[in-house]
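Using the UniProt record's numbering, the first residue of the sequence shown is number 1, and each one after it goes up by one. Some notes on the structure that comes next.
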Amino acid sequence: MELERLSLLRGRPVPARAANERDRTVPAEGFPAGNRSEIRYGAMSRSVSLPAGADEEDVRAEYTDGMLTVSVGLGAKKTEAKHVEIRHRD
């Protein structure tokens with residue numbers, strides 16, 4: 001997956017989104033009538049809650065060999081969750 005297809009937002013919880021589109025097929029040995037792919041395609045999203053004391057300003061992310069690693073510093077003062085107004089659109 002290309003780095004451009006990943007997104008990570010800072011906040012509580014931390015949402016991450018990615019999309020992997022099928023752009024090639026892998027021929028399967030012994031299966032002359034078709035192809036086989038072991039790679040999962042499509043969009044995905046995950047949200048991870050930050051632990052108490054996490055410093056939302058000290059967030060680092062690294063993408064290496066298909067693995068996204070997110071590191072968050074600890075030791076910040078405890079903050080209360082903030083309400084976000086949800087607006088309805090027709």
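Ideal Cβ placement from N, Cα and C applies to all residues, glycine included.
Supposed close pair residue i, residue j - CB separation, criterion 8 Å
i, j, result
"residue 91", "residue 74", "Summary: the structure shown does not reach residue 91, with the chain confined to residues 1 through 90, and so no result is reported for it."
"residue 60", "residue 47", "Incorrect: roughly 18 Å between the Cβ atoms, too far for contact."
Close beta carbons around residue i, own chain, < 8 Å, minus the five adjacent residues each side
i, result
"residue 65", "none"
Reduced DSSP secondary structure (H/G/I, E/B, other) of residue i
i, result
"residue 68", "strand"
"residue 46", "strand"
"residue 57", "strand"
"residue 62", "strand"
Nonlocal neighbours in the same chain, by C-beta distance under 6 Å from residue i, ignoring five residues either side
i, result
"residue 69", "62"
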